[in-house]
Each structure stands twice: as C-alpha cells, then as structure tokens.
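Asks:
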Amino acid sequence: MDQTMEYDFRKIEPQWQSAWKKTGAYKVSNDSAKPKYYVLDMFPYPSGAGLHVGHPLGYIASDIYSRYKRLKGFNVLHPMGFDSFGLPAEQYALETGQHPATTTEKNIATFKSQLDKIGFCYDWDREVRTSDPKFYKWTQWIFLQLFNSYFCNTEKKALPISLLIKKYETKGAMPNTGEPIPGKHFTADEWNGYRKQKQEEILMSRRLAFSKYGEVNWCEALATVLANDEVVNGVSERGGHPVVKKKMRQWYLRITSYADRLLEGLETVDFSDSMKEMQRNWIGKSEGANLKFKIQKSKTELEVYTTRPDTIFGVDFMVVAPEHDLVNKIRSTEQAAAVDEYVAYVKSRSDVDRMAEKKITGCFTGAYAINPFDGKEIPVWISEYVLAGYGTGAIMAVPCGDERDFKFAQHFNIPITNIIGSHFNGEEANPTKEAILENSGFLNGLLMKDAIGVAVNKIEELGIGKRKVNYRMRDAGFSRQRYWGEPFPIVWSDGIAIPLDAEELPLELPHVDKYGPGPGGEGPLANLKDWTSSPSLLHGVEKGDGKTFAKKEAKGAALVPKYKTGTPLQYEFAKQMRKEYTEAENHLWQLLRSNQLDVKFRRQHPIESYIVDFVCLQSALIVEVDGGYHESSEQKMYDEERSRALNEIGFTVMRFTNNEVLQNTDEVIRKIKEVFVKSESLVNKEDVGSNEFSHPSPQSGEGQGVRETSTMPGYAGSSWYFLRYMDPHNNQTFCDRNASDYWNQVDLYIGGTEHAVGHLLYSRMWTKVLFDLGLIGYDEPFKKLLNQGMIQGSSRFVYRLESLISNLNDSDKISLGQYNIFISHNLHSDPNLKNVNRTEIANLINNQIPGLLNIATIEDYAFSFSTLHVDVNIVDGIELNTNEFKKWKNGEYLNAIFILENGKYICGVETEKMSKRYFNTVDPVDLCNDYGADTFRMYEMFLGPVEASKPWDTKGIEGVHRFLRKLWRLFFDEQKGAIWMTPAPSPSEREGGEVATDAELKILHRTIKKIEEDTERFSFNTAVSTFMICVNELAELKCHKKEVLEKLLILLTPYAPHISEELWSQLGNEGSVLDATFPTYNPALLVESTKEYPVSINGKLRTNIELALDLEQKQVEEIVLQNEIVQKWLEGRAPKKIIFVKNKMINVVI
RNA sequence: GCCCAUGUGGCGGAAUUGGUAGACGCAGCAGACUCAAAAUCUGCCAUUCGCAAGGGUGUGAAGGUUCGAUUCCUUUCGUGGGCACCA
C-alpha cells in the first residue's frame, strides 16, 4: 500500500475489503486443529427498507467477538444469511404484482452491499436463504421427520412413528403396556380391525407435526386468514375490518410434549434472566390437582383443576365454562332457560367485546356440588371468566383467596367463607399462602403452604382426584394460508395425510400470478388447480370412472345443496366396511331402515373425506355409532373434529354408544326423530353450510390426491438454519453429522428480545427432536444468548404556522398553512414570551411577505402550529439546514419561510422508534461514507452497553473519528509526511526503533488487560473508551514506538479492522493482522509499589496519602494519624477505629 | 392486575466483589495557532456557599443494614418490555 500522510479511510477501507475478498481471508474450514467457536447472529428478514443504524448493532458486536476469538487462536464460524420467506414480500407482491422472489432477491443484494460496507468477516460461501429450494428442501425434510415421529411418554423423547404402529399392532394400547393414548385403550386386535382412517386419526393424535381443526383469525371482508399480529384489537390491521375465529384444518407442532424439557433445558443455557423468565411464563407450568365433586341428585361428577387444594374448605361456589359439556346435563329445569340465554350471550360475544369490557357476568345452573370433605352444598355457576380450554374447564371458587372469585361472589351476593382469619378483611381477596387455616376441617391450624401437600395426599387417598400438572402453552400453529413460504410435502387422500417421499423433495413453491387468498380462506396455492391435484399425485390409488360414479351417487343429495360425494377409493372402502358391521351397527341399521322414520338412510356412505356410519341425505342427518364415544378426551377430540367438519358442510351429526343402541333403543329413535324434525327446518332455510368445499382441496378430500395448500410459517426455516451454516452445500443431508459434531452448539447467539418466545422456543424444540432422532449430538442449540438493545430514533421537528384564531371570536380564523411559515423551536414553544413573540413573529413574517398580517390586531389572535417530522439527515444536531429543507420531498416546501432565532432554525427533538415514517432513520452506508466503517463500528459500540436500548445521536460520532485520527498520528508524522517508525532501527535496538519506556509499556499492558476483560464480557463500550485513554496517554508521551503500537493494532483489529490492517502493513508486516496473535499482558509490568490511598474521616473523603503497598495496618495507622488534615478533623480527639483495606482505602472513625 | 428490566451531569454513559461517584465521549465555555475558516492543541465543565483555602448537598424518593451504599434489604414513584381472566 502507498504511504499515506493522512488518515484516508475512503481509500483504505475499499482497498482492504477487496483484498480480503481476493485472499478469501474470511473463509472458514470444517477441518482445523484449532478449537472451534461458533458465533451467530439472528439472520435478518431482507425488508425493502434496507438497514438502518439500529440493525447492525448486534452484527458489529458479534463481528468484534468473532475476530477477537480468531486472534485468540480459535477456528471461528461467523456466518450470515437471510430469513427470506415471509409476509411483507407477499404484501408487496399483492400491491405491486412483483413476484416475491424478485423483490427478495433485490433486497438481499441491497442488504449484502450494506453489510459489506461495514466490513463484516462473513464467509459468504456459507450464506443460507430460507426461500432457496436447496435450503427449504431440508426444512421440508425435517418437517417430515416431525410428521413421522411421536413423543414417547415413558422415554420422554421423540421416536419414529413406525415404532408406535408396531406397538399398536402387537400390543395395542392398553393401560400399563407400551403406549396407551391417555384415557383411551384398545387391544392389538381392535387396532388391527380399525379401518385405515381410524388408525390414521389415532396416529395423527400422536405425531409431532400433526393436523387438526383449529381456530384461525378469519376476516370476512378480506376473505382471508390473518396472522395474529395482523389482528389488532379484534379488527384487521389493514382496513380495520372485523375478525372472527373460524375453525379450519391446520398443522401444528406438538411443542407441549416438550414443555418439561424446554423448562429443564433453560437451566443449562446462558440466557438472561428476563429471557428465561419470559420462556417460563410462556410455558406456564402449574402444579396442582384435579379434583372431582359429586353433583347433588345426579350421577355426574364435576372435575376441577386447582393449584390450591389447601383452600378446599373455602369453596363457596363452582364455576364452569359456558362451553362445558356438563352444563346441559346438570342445569335444573327452573334454570334451563336462564342458562341457555347466558350461553347464547357468551357465544355472541367476540374477543373484542371481551377485551373491551371486562364485566362480571354469570348464571346459576341450579345444580349443587357436594364438598367431599364436609358435605357442604356448593352452587354451580357458569361464567365466561372460566376458560374451556384450560385445565378441566371448571374451577372451585374460593372468594376469600382469589380476586376474580371474590368479585364474582360480591357481584352475585354469594356468601363468603373465611378460612384465613385476619388475613381476610372482607374488602378484597388475599391470595396468601402464609396464613394459618381456619374453618378447614382436618386442615385447621396448618400453614397454607404446608396444607397443599396434606390436602393432595388426602384427595389421592380418597380417590377423588389426583396430582396434575398443567401448561399454559399450546401446540404451535404451523400452517399459514399464504403463498410466500415452504409448501408442505403432504398430499391428502381420503382424509389421510400422505407424506411425500424424501426423493420428491424439494417440493418447489409453484409460480403464481395472483397472490390473493384462495377460496374458503385457503392460501393462494389453492387457486392452482393443476398444482394441487396433478395426476402424479395418485399415489397408487386405482383410477376409476370417478366422475360418473360420483354423479350417480350424488342424486339423493339434492336436498343438501353444498354436499360433495367421496372418491372412488372411498366407495371401495365403504363397500368393505359394510361387510364388517358390529352388532350395534346392525341393530340400528335395521331400525333406521324400518319405516318408523319415513326417510331414507344410507349406511357407510362417503361424504367428503369421511365415511359415515348412517346418513339421511334429505335431512342432512348423520348418525354414528361408536364403542365408547366421549369416554376419553382423546376420543372426544376425534369425534368432535369429525362432527365439526361434517357440520361445516351442512350435516347434523348424532352419536350413540353401542350400549345405548342395544339397550335403550326407544330413546335413540326418539332422539333421532327429534333432531330430524329440527334439521328439516334447517335445510329448508337454505343457509346450510357453505361452498367452501366446492373445489379440490385438502379440506374436501375430493379428487384422488390433493396437495396441502397452506405453507409453513416464518419460523420454520429459522428453527434449524444455524445447522445449515455448518454444511451449507450438502445435497445428501440437512447437515452432515461430522459437521454438526465439529461445530456443535452455537457458542454465542446475538439477537433481539422480540424472539424470546417464538423463534427461540421453536428452534430449541426442533433441536431436541433432531437430537432424539439421533440426527445431531446435542439438544440445546444456543449455549449463550446475548440480547442487543434497540436503537431508538431521535426525531426532529419543525413547526408550521397553520392559522391565527381570534381570541374574541372562535370562528374568526385566518388560514396560513399555504405560506409554509416555519417557526424556530424556542420561539414557538416558550409560553412565557408568548405575547412578546406574537408581535415579534408577526413582524418577522411581514418582513418576508409584506402586509400579510395586521400588526395592529395581532394581539387578539392566538397562533396555531402543526408539528411536522423533518428528515434528521438534513438537520445538523438541532439546527435545520434550511436550503436542504426546501429541496426535501421534491420541493414540497420550496416556498418555505423561516422565522429564525439567533440566525438559526432550531428543531424540536424527541426520542421515538426508528422508522421511515418518522424520517429519523440514519443509513449506516451514509455514515461509512462520511466517517468510515471503522469509525461507525466503534461509535455504535461506544454508544452504550449492547444489551441496552438507547437513542441514536449522529453528532457523537465525531469523537470516535477524532480518536482514530489521533491514533493515525501516532504512526505518521504529518509534518514530515512520513511514518514515524522509519528509518529502520539499528540492530542493537529492539525491533521497530527506540526501546519502549516502562511508562509506555505500562500503558500498553494495562490496555491489553482491560481490552481482553472488556471484550470477554461483551463490554464493548468501555473497551472503546479504553482505546481512547490508551491513545491519549501515548500521545501525551509522544510515543511512536513500533514495539508498543504494533501490539495496540492487534488489540484494535476486532473493533476497527481496516485501519488496523493498513497500519499493520505500513509497519512492514507480512501477512494479515487478522491472523496475528492476541498479545498477552505481563502482570509484572503492572505491579505498583505505592498507592494514593483515599483517606476518609467518618466515611467522608478528606484527603489522599501515598503509601507503600506492603505496609501493615499498624504502620498505616501511625502515618495516617500524623497527617495534617487528619489531625485537623480529629481536633485532638482519639479515633475510635481506623479501617484499612489494603490497596483500597482508609477510613478514620471518630 | 401479574412478571421482568431499569432510573447517575445539558446528553450517551463509567464505577467488574460494598471501598475516591461522574471514567471516556458529545455538547458548551475560555484560550493558543490562523488574515480567516477548517483541522489541531491547552484549560474549565454535577450543584451550591466562598476572592480563595475550604465546606455543604448529590446516583428517582423515603427508610434500614454498615466504619463506609450508585451497589445489599424494605417501602414507594417514574420509564421500558413481556403476559394478561391460566384457577
């Protein structure tokens, strides 16, 4: 490189950037004798807006740490890539018609050029993009692993589903043998006798990636499904249209199975406390008991979940969720009407209503539960504050201990039992666990904390309940009705999800021309009929003359307008099933065929993707017989899903057990008749169902093989991307086991807190699954997590005079907005000078536009301003560049008139989120152009701790830039225009010229020590200030010695790589400073023999005394008491005590 | 409402284990160099009393522990974030 006199970063930085590129300085090998270190940034979503100064904060921190580790002798992996699937690109496509692939490509190019400008040490050969088929091939592949795995509850880990099938086939699912489905048992024979759909249903309920009906946010006006963050306060973010919950078939990840391991894993990782806390809260583990209460005059029992069984004697009422099944069973005849009315009311309430007004509502059911311990009768209520989805959907209410229960009791005048004596004041509930129990039977006199265990034991002993752990976390929704995401490698046939073979991956995202939603809320892919049901998707299904067959069978469906028939394959199934009927089925079939009902029933008839037991098409009534329906919650779930789906197409579904059919025949027929009458009237109303399923779709099962049309969510790719960097080009596997064993966990992960519960939990879960399946060797992805804070924008404001409003007459208003008169901040805002200002300002305005204002009457008018954001880039500090302002926004303010203060236009200042719409974004590339990447990097670090949020202030960057120039001058004599270190030193001297003095060496080694410590603990801001102190001190000593400065350059390399590399080469070194060795400090040089001790009298600092460090207490006391100032404060008295802490301080207590 | 952070000059922040509060930088003020500007350099810069020497006060507020508290404890207020009828 040429010798340069001045610090010319504009020349140096591009030169070194291209030199590094040419030599492959940042290429990383998977094969190295050095210890490995993996530093990872949360990869960005490549938005169209490009980077602003807030984004690179974490990248700079990780870059510094990577370079530091490299100098320390590690083989460092520090990759970068793009999370390039996602909604914004799709929205943009909707608006402009540009394909997301095109815009994404463009945005990534912008991002990369910005990142390169800042001089990061990425190995771009390892770049990953989640939207690249070569990448998402493996996202799909891992999805299939999840699909083909289940969580074994005994081994607490994922196992291949094939093992579960084998178990079912050989042992069935019986209690205490193998893998019973909770609450549902079947023998091997039963399993083997199940029809395929039923088997698949059961398997689906165990798969780690599974599909079921779930609620989505449905916006009728936009005819689309919305993501949670597109819904704000119950209306769509765009357009403000109402959003309702709608059931649709959705994919989920069974993350709840991993709840405990996700909690336990937190103990082994180095995340901040708040981050761990957030994850714990999200998982929401609570330990308590399920407890059964008998219902008076009834055989039914009400099961509640409670974390406080110790309060059992304080139960004054029960509350059941309005949706609870038991509600209809237990309500008394007198209360029936009121209950129905209340249930209807709750149904009518949307989430918006519930959030907007949290009022206390409820209804007495007329039923009483019996307290199992004292036999007390407890009224059973229903209320919307009890959620059907949590616990058992019912609670025991203890008003003296629970705020909500208390308010409820108060509102409905339910008497309150006090079991905590003086801890309860009758004014509000007290949830303490510290009280001694009273009025509590066998628990009397116990501390509540201790009583919990006693109560649970008793409950278990009596067999009326048992310990139970609940989680707040739900399974993670994994499908999105969107285009720009990974397609699911799934084909639906006859209601069964069939995975693609691994060889068929990647299933590439097809090209679409329209990005609008598909029919019925499905994603845009549903519009591509050729893609969703191409002939290649037959999957071995026999081709039949499906069309004519379906047409013929559909005749009877005339009264069910929106009904579609099944596929030929289904008819085959159905035919088969008609031969394998049970006794109960046969019995009912005989009854239904008899003319008792006067309608025609069919049996084993395919409807959509189901084959129903009995159906009357004319009245849209389905009757199903099941061995033990609703006996278990699992079974209940299948049945409900099935019923729900059939309901959606307009059918009413009734279910009976074998026993009911066989033993209670009359009742069954009566019930069928009853519903039959109702359903007839429904059909006549013509609004049955909808035409959602009138096209080939996974929901309908029509056709012989239909692709899943939803796509995976944004977090799919990001759940495993850190593995792909290790082996980015492998086409045989997602990541070779050798590579993942070598790089192992991410040692340092840097990113924002916004991903605390999303991305971080999902990627932790995926890692655990991959670990369980033996595909990787560790089950936590990130060893240490560092959260970077947000950089806030510092907005600037100008104040435009909009109007004058008469103080005497409101309607007398003079509009002035069109003149674009801008008034400097302090003139507009100083309330005390308002009167003075008015005339003054009016005069100033009249100077510009003569005669605009009438000075004589100006005092009678109030000024009204509007506050406008102005682009911070045309403001110097707080002073507006008025010429730039006139040009801003294509000359919108070309005619602007400025009313200045002291010749300047001063802007208002406020800290806000950094965002384009506030015009407060600062482009890092601009700063790199003006000050250089090294200055920019160091300034971002100097701003404050990485973890902290802080406002951006461009002004301060000057200080860091001055520091680098000052450093430069240690190397170059600007007077002579030459490097200080030349000519070469004589052989007798140490390399690089003069021998460094002790003082110089002390400065250097102190710096080495501090930089190492600060870098290790990610205290980059103090490291920068250490560099400044070092350079200030060396400059003061006029130290230009190679011996000292060369070491300093190595220290500086992670922070300011360009200038370090340049000066390193100027000093005549061969090779790159990137490969230098981090110097070790010599403690011997830092040893001091004396110290300036601070001497306090009664804790207040009074003087300093320099003392030798090896002095003992006694000697010190003597010297201190001799001291003039100490004597003055003693005023002749003897000190009570002298505290001496070696190398710290002295305190004289009087 | 609950949980977690956090509060220090005009501003960003420092003080690593309870031991000299305000490092480093920005802004500001005064000066040197210069015809001038830029650049650079020097000095001042928490607040208050004082000519000074020196003293008082001071880390959101109020208490406490301690020889000594920005740091630990209790109460309380403000700010930021997360969760939000989860029994």
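If you want this note's numbering, it's the 1-based position in the first sequence plus 651. Even for Gly, the Cβ is constructed at its ideal location relative to N, Cα and C.
#1: Do Glu1291 and Trp902 have their C-beta atoms closer together than 9 angstroms?
#2: Would Asn1028 be called buried (16 or more neighbouring beta carbons within 10 Å of its own) or exposed?
#3: Is the Cβ-Cβ distance between Arg1489 and Ile1472 less than 9 angstroms?
#4: In terms of DSSP beta bridges, what is Trp902 paired with?
#5: Quick one: what's Arg1489 bridged to in DSSP?
#6: Cα-Cα, which of Glu778, Ser1445, His1410, Ser887 is closest to Arg1375?
#7: Helix, strand or coil for Met1305, going by three-state DSSP, please let me know.
#8: Mark Arg1415 as exposed unless 16 or more other C-beta atoms lie within 10 angstroms of its C-beta, in which case mark it buried.
#9: In terms of residue numbering, what span does the alpha helix (DSSP H) encompassing Gln1717 cover?
#10: Tell me the rounded alpha-carbon separation between Met656 and Tyr1706.
#11: Closest by CA to Gly1026, which one among Asn979, Phe964, Gly1017?
#12: By how many angstroms is the C-alpha of Asn1798 removed from the C-alpha of Gly1750?
#13: Are the segment 1501 to 1518 and the segment 1528 to 1547 touching, with three or more C-beta to C-beta distances below 8 angstroms?
#14: DSSP three-state label for Tyr1413, please.
#15: Between Gly1044 and the rest of its own chain, which residues show a CB-CB distance below 6 angstroms, the 5 nearest in sequence each way excluded?
#16: Mind checking which residues open and close the beta strand (DSSP E) that includes Lys1751?
#17: Label Pro1066 either buried or exposed according to how many other C-beta atoms from any shown protein chain fall within 10 Å of its C-beta, with 16 as the threshold for buried.
#18: Quick one, are the C-beta atoms of Leu1436 and Tyr1400 less than 9 angstroms apart?
#19: For Val1274, which beta-bridge partners are listed by DSSP?
#20: Distance, Cα to Cα, Arg1229 vs Pro1257?
#21: Is the segment 697 to 709 close to the segment 761 to 778, with three or more CB pairs under 8 angstroms?
#22: Is it right to say Gly1559 is buried, meaning 16 or more other beta carbons lie within 10 angstroms of its own, or is it exposed?
#23: To the nearest angstrom, how far is the alpha carbon of Pro751 from that of Thr1362?
#24: Would you identify the three-state DSSP class for Trp1240, choosing helix, strand or coil?
#25: Where Leu1179 and Val1263 are concerned, what is the direct C-alpha to C-alpha distance, given to the nearest angstrom?
#26: Compute the beta-carbon to beta-carbon distance between Glu1054 and Ala1086, rounded to the nearest angstrom, for a pair I have assumed lies under 8 angstroms.
#27: Find out if the Cβ-Cβ distance for the pair Gly701, Asp1581 is shorter than 9 angstroms.
#28: Could you give the residue range of the beta strand (DSSP E) that holds Leu1399?
#29: Let me make sure I understand the geometry here. Which of Asn1497, Gly1554, Glu918 has the alpha-carbon closest to that of His1476?
#30: I need the straight-line Cα distance from Leu745 to Lys1165, nearest angstrom please.
#31: Using 8 angstroms as the cut-off, can you tell me whether the segment 902 to 912 makes contact with the segment 1119 to 1135, which would need three or more C-beta pairs spanning the two stretches below that distance?
#32: By DSSP, does Asn1483 sit in helix, in strand, or in coil?
#33: If you run the structure through DSSP and keep just helix, strand and coil, what is Glu1510?
#34: If you follow the beta strand (DSSP E) that Arg1253 is part of, which residue opens it and which one closes it?
#35: Between the C-alpha atoms of Tyr864 and Ile1147, what's the straight-line distance to the nearest angstrom?
#36: Relative to the C-alpha of Ala1727, which candidate in Val1746, Ala1599, Lys1698 has its C-alpha closest?
Replies: If we stick to the structure as given:
#1: no
#2: Going by the sequence as given, residue 1028 is Glu instead of Asn. Exposed is the call here.
#3: no
#4: Ser862
#5: Bridge partners of Arg1489: none, in fact.
#6: Glu778
#7: strand
#8: buried
#9: 1708 to 1717
#10: 22 angstroms
#11: Phe964
#12: 6 angstroms
#13: no
#14: helix
#15: Ala972, His975
#16: 1751 to 1759
#17: exposed
#18: yes
#19: Phe1265, Met1305
#20: 12 angstroms
#21: yes
#22: buried
#23: 15 angstroms
#24: helix
#25: 30 angstroms
#26: At roughly 16 angstroms, the Cβ-Cβ gap does not stay under 8 angstroms, so Glu1054 and Ala1086 are not in contact.
#27: no
#28: 1399 to 1402
#29: Gly1554
#30: 8 angstroms
#31: yes
#32: Its pLDDT being 47, under 50, Asn1483 is placed unreliably by the model, and the measurement read from it follows with that caveat. Three-state result, Asn1483: coil.
#33: helix
#34: 1253 to 1258
#35: 14 angstroms
#36: Lys1698
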